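Residue numbers (my numbering): 556 to 898. Note that CB positions come from ideal geometry on N, CA and C, so glycine has one too. Everything numeric in this text was worked out from a predicted model, so none of it was measured.
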């Protein structure tokens with residue numbers, strides 16, 4: 556079976572499911588009025604409670620992965636608490652913020668790609684209803700990232716470019732910068748060095764603008780910093796088979812605590828392991844591979860499973876080496892532990 560077909564079948568992900576909602580959003584990204592009459596008045600305290608719960612869920616997702624029951628409480632709370640608020644009574648201003656926050660929230664639970672896909676489609680509709688162009692662009696960018704990871708980088712390029720073009724005249728620079736980063740990642744998966752470099756340079760330039768003149772920048776996008784860009788650039792250059800550049804970018808990436816950002820640190824270790832393999836440095840590749848295994852053994856995440864599997868596959872040419880055999884043994888145990896639970 557072709558890899559793209561396998562990924563789509565095994566995960567329940569279907570890139571075609573994005574066609575209609577994306578077309579509608581690109582045509583009209585924001586609705587004019589989000590006011591809604593209802594029995595219960597919805598106010599700022601409701602929004603603050605949702606935001607606090609979302610921040611807690613996001614921290615859990617970063618530490619333990621999206622596949623744990625703790626992280627997937629996003630789904631339950633959306634159904635039991637957030638969605639009912641949409642039937643309350645609120646003004647247009649509160650309505651826009653409510654829709655926008657729920658939209659951003661829906662996109663957090665990434666442990667299962669079919670579930671995440673349904674959340675993203677719902678999030679895009681809510682961003683449109685909420686009149687939030689920045690949230691809509693961010694959701695579109697996450698659609699592009701998921702589509703890249705599922706093995707459809709061609710389609711992901713179109714998504715990222717479309718979201719950027721739709722908001723380039725009015726969206727926050729940092730939101731646009733993240734869209735260009737994900738476009739660069741998609742180009743890298745295609746092996747297009749020139750386009751990947753152009754998109755990454757644009758992202759860097761927009762980040763500089765955001766740092767000097769952020770304007771009316773949403774608080775939720777401030778996680779995207781030059782250090783975060785550098786961390787992603789490591790993977791971009793690894794995908795382009797440019798390991799020396801990947802190692803240079805790794806020096807620019809800020810160190811992160813494995814206790815607070817467990818999944819992110821573990822994923823970066825898998826990327827570094829494969830970059831060292833590209834340079835022919837088996838010793839460092841095995842060392843970083845073992846670090847990744849130790850860190851990701853406590854994470855339930857589809858991405859952790861996929862990245863660890865990628866390390867094992869990349870080391871296949873050295874499978875007779877005892878160090879590689881030992882790493883492969885421990886990696887397979889970690890893969891079994893990192894596989895997400897059923898939602």
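Could you tell me whether the region 590-608 touches the region 703-710, using the rule of 3 or more Cβ pairs below 8 Å? no
Would you tell me roughly how many angstroms separate the C-alpha atoms of residue 662 and residue 798, rounded to the nearest one? Within the chain shown, residue 662 is the residue found at index 107, counting from 1. Within the chain shown, residue 798 is the residue found at index 243, counting from 1. Low local confidence applies: a pLDDT of 48 at residue 662 is under 50, so the model's placement there is unreliable, with the coordinate-based value given in what follows. If you take the alpha carbons of residue 662 and residue 798, they lie about 32 Å apart.
Identify which residue in 779, 850, 877, 669 has its Cα closest to the Cα of residue 735. On the chain shown, position 180 is the one that residue 735 refers to. Among 779, 850, 877, 669, the Cα nearest to that of residue 735 belongs to 779.
Same chain only: Cβ atoms within 8 Å of residue 727, ignoring 5 sequence neighbours per side: For the purposes of this step, residue 727 is identified with residue 172 of the chain shown, where counting begins at 1. Correct list, in chain order: 689, 765, 769, 770, 771, 772, 773, 776.
Compute the Euclidean distance between the alpha carbons of residue 883 and residue 729, then round it to the nearest angstrom. Locating residue 883 in the chain shown gives position 328, counting from the first residue. Locating residue 729 in the chain shown gives position 174, counting from the first residue. The straight-line gap from Cα to Cα measures roughly 39 Å.
If you follow the alpha helix (DSSP H) that residue 796 is part of, which residue opens it and which one closes it? Working through the chain shown from its first residue, we reach residue 796 at position 241. Segment: none, residue 796 is in no alpha helix (DSSP H) and carries neither H nor E.
For residue 886, is the classification buried or exposed, using 16 other Cβ atoms within 10 angstroms of its Cβ as the cut-off for buried? As a working note, residue 886 is residue 331 in the chain shown. Counting Cβ neighbours within 10 Å, residue 886 comes out buried, since at least 16 surround it.
Could you tell me the distance, in whole angstroms, from the CA atom of residue 665 to the CA atom of residue 571? For the purposes of this step, residue 665 is taken as the residue at position 110 of the chain shown. For the purposes of this step, residue 571 is taken as the residue at position 16 of the chain shown. Note that residue 665 scores a pLDDT of 49, beneath 50, so its modelled location is shaky and nothing firm can be said.
Just curious, the alpha helix (DSSP H) that residue 686 is in, first and last residue? Indexing the chain shown from 1 puts residue 686 at position 131. From DSSP, residue 686 is part of no alpha helix (DSSP H); its letter is neither H nor E.
For residue 847, count neighbouring Cβ atoms within 10 angstroms of its own Cβ and tell me buried if that reaches 16, exposed if not. Stepping through the chain shown from its first residue, residue 847 is reached at position 292. With 16 or more Cβ atoms within 10 Å of its Cβ, residue 847 is classed as buried.
Just to check my reading of the structure: residue 791 and residue 740 have Cβ atoms closer than 8 Å, yes? What is that Cβ distance to the nearest angstrom? Within the chain shown, numbered from 1, the residue matching residue 791 stands at position 236. Within the chain shown, numbered from 1, the residue matching residue 740 stands at position 185. Confirmed, about 6 Å.
Option in 720, 840, 601 with minimal Cα separation from residue 637: Reading the chain shown from its first residue, position 82 is the one you call residue 637. Measuring from the Cα of residue 637, the nearest candidate turns out to be 601.
Which of the three DSSP states, helix, strand or coil, is assigned to residue 645? Sequence index remark: in the chain shown, residue 645 carries index 90 (1-based). Strand at residue 645.
Contact between the region 806-818 and the region 781-788 (3+ Cβ pairs under 8 Å): yes
How would you label residue 583, buried or exposed, when you count the other beta carbons within 10 angstroms and need 16 or more for buried? Indexing the chain shown from 1 puts residue 583 at position 28. The residue is exposed, with fewer than 16 neighbouring Cβ atoms inside 10 Å.
Check residue 783 in the structure and name its three-state DSSP category. Reading the chain shown from its first residue, position 228 is the one you call residue 783. Residue 783 falls in the helix class under three-state DSSP.
According to DSSP, what are the bridge partners of residue 885? Translated into the one-based positions of the chain shown, residue 885 becomes position 330. Paired residues: none, contrary to the question.
Residue 853 and residue 894 closer than 9 Å at C-beta: Sequence index remark: in the chain shown, residue 853 carries index 298 (1-based). Sequence index remark: in the chain shown, residue 894 carries index 339 (1-based). Cβ atoms of residue 853 and residue 894: not closer than 9 Å.
For residue 586, I'd like the list of residues in its chain whose CB is within less than 7 Å of its CB, leaving aside the five on either flank, ordered along the chain. Here residue 586 is taken as the residue at index 31 of the chain shown, counted from 1. The residues are 683, 684, 686.
Spatial neighbours of residue 588 within its chain, please: CB distance less than 6 Å, with the 5 preceding and 5 following residues excluded, ordered by chain position. Stepping through the chain shown from its first residue, residue 588 is reached at position 33. Within the same chain, residue 588 has close Cβ partners 647.
Is DSSP giving residue 591 helix, strand or coil here? By one-based count along the chain shown, residue 591 stands at place 36. Note: residue 591 maps to strand in three-state DSSP.
Could you check the C-alpha separation between residue 819 and residue 827 for me, to the nearest Å? Locating residue 819 in the chain shown gives position 264, counting from the first residue. Locating residue 827 in the chain shown gives position 272, counting from the first residue. In a straight line, the C-alpha of residue 819 is about 12 Å away from that of residue 827.
Return the CA-CA distance between residue 794 and residue 644, expressed in angstroms with no decimal places. Taking the first residue of the chain shown as 1, we reach residue 794 at position 239. Taking the first residue of the chain shown as 1, we reach residue 644 at position 89. Cα-Cα distance, rounded: 49 Å.
Buried or exposed (CB count within 10 angstroms, at least 16 for buried), residue 844: The sequence position of residue 844 within the chain shown is 289, counting from 1. It is buried - the Cβ of residue 844 has at least 16 other Cβ atoms within 10 Å.
Would you kindly report the start and end of the unbroken alpha helix (DSSP H) that includes residue 584? Residue 584 sits at position 29 when you count from the first residue of the chain shown. That residue, residue 584, is in no alpha helix (DSSP H); it is neither H nor E in DSSP.
Under the rule that 16 or more other beta-carbon atoms within 10 Å means buried, what is residue 718, buried or exposed? As a working note, residue 718 is residue 163 in the chain shown. Label assigned to residue 718: buried.
Whole angstroms is fine: what's the gap from residue 874's alpha carbon to residue 731's? Position 319 of the chain shown, counted from the first residue, corresponds to residue 874. Position 176 of the chain shown, counted from the first residue, corresponds to residue 731. Taking the straight line joining both Cα atoms gives about 43 Å.
Taking the alpha helix (DSSP H) that residue 845 falls in, what are its first and last residues? Your numbering for residue 845 matches position 290 in the chain shown. Per DSSP, residue 845 belongs to the alpha helix (DSSP H) from 837-851.
Look up residue 855 in the DSSP assignment and say whether it is helix, strand or coil. The residue labelled residue 855 in the question sits at position 300 within the chain shown. In this structure, residue 855 counts as coil in the three-state DSSP scheme.
Own chain partners of residue 758 with C-beta closer than 7 Å, once the 5 adjacent residues on each side are dropped: In the chain shown, residue 758 corresponds to position 203, counting from 1. The residues are 732, 735, 736, 739, 784.
Beta-carbon separation of residue 889 and residue 851 under 9 Å? Against the chain shown, residue 889 aligns to sequence position 334. Against the chain shown, residue 851 aligns to sequence position 296. Yes, Cβ-Cβ distance for residue 889 and residue 851 is below 9 Å.
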